[in-house]
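Residue numbers (UniProt numbering): 1 to 267.
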């Protein structure tokens, strides 16, 4: 696997931990944006593939996630998370002036990436949305119907057909295994509405990848969200039989081949 290094910086709500997988002469910079309850350390395989493809890779643990500070999984405003990701982009650009930037977001990270593209898309070369929480995510209104959201743990088997992925997830001390927090659910609802009203992605090359058997973020909910923001250059890849984490699926190399081929076309 590609070597990596960590650093910390003061984000919008506290100290964030960022990780970099360096490349001395990158063709592009890849910003990885992780999903709800997890951390950027789960993306080693993705980062390794991207480094070998010519990228310098950067990512952070969002506030309240992984090694970053804050109440666990508490996000009151996802605009703050977008701002923190932008701080990482600014560092990446300072390290490698003039190198194009590609944003890759998974699940909640796909939602953050979509909003990021609405705010900062003029400076991006490409966008990849993996199993994005966008459009209608039925778990949000379902849990907001309760004054205190019930504990509905993720079934690790829904992550991938490779069951070792779920086993590692369940044993990972940096993964949150508790219930959703109401302010975070409210922030999800607000951000989904903001994205829906935020306009299209224009000419930004966008790749949408999704597992056809994704039970955590069902395809049927994400599709109207993608349709609402898509610009003039959207590539769609739906993988039959795949579950939520397509970057950790049994066909992950096919998925990452699609991602790197898309980036080549976009660049």
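Backbone N, C-alpha and C define an ideal beta-carbon position, used for all residues, glycine too.
The Cβ atoms of residue 114 and residue 134 sit closer than 7 Å to each other.
For the segment 1-57, the continuous beta strand (DSSP E) assignments of 3+ residues that do not extend past its boundaries occur at 5-10, 15-21 and 28-33, in sequence order. Note: residue 207 is bridge-paired with 128 and 235 in the DSSP secondary-structure output.
In the DSSP assignment, residue 105 falls within the unbroken beta strand (DSSP E) covering 101-106. Under a 10 Å Cβ-count criterion, residue 7 is classified as exposed, with fewer than 16 other Cβ atoms of the shown protein chains found around its own Cβ. Counting the other Cβ atoms within 10 Å of the Cβ of residue 146 gives fewer than 16, which makes it exposed. DSSP places residue 241 outside both helix and strand once states are collapsed to three, so it counts as coil.
Residue 139 carries a helical assignment under DSSP once its states are collapsed to helix, strand and coil.
When Cβ pairs closer than 8 Å are counted between the two stretches, the segment 176-194 is seen to touch the segment 66-86, the count reaching three or more. Setting aside the 5 residues that flank it on each side, residue 170 is surrounded in the same chain by 156 and 177, each with a C-beta closer than 8 Å to its C-beta; the list follows chain order. Rounded to the nearest angstrom, the gap between the Cα atoms of residue 121 and residue 258 is 21 Å.
Less than 7 Å separates the beta-carbon of residue 117 from that of residue 201.
The DSSP-derived three-state label of residue 60 is strand. In this structure residue 63 is not in contact with residue 109, their Cβ atoms being roughly 13 Å apart against a cut-off of 8 Å. DSSP places residue 180 in no alpha helix (DSSP H); its state is neither H nor E. Under the three-state reduction of DSSP output, residue 174 falls in the coil class, being neither helix nor strand.
Closest by C-alpha distance to residue 60, out of 52, 26 and 21, is 21.
With fewer than 16 other Cβ atoms inside 10 Å of its own Cβ, residue 197 counts as exposed. Looking from the CA of residue 13, the closest CA among 172, 87 and 25 belongs to 87. One alpha carbon belongs to residue 9, the other to residue 163, and they sit about 35 Å apart. Between residue 30 and residue 57, the beta carbon gap of about 5 Å places them in contact (Cβ cut-off 8 Å).
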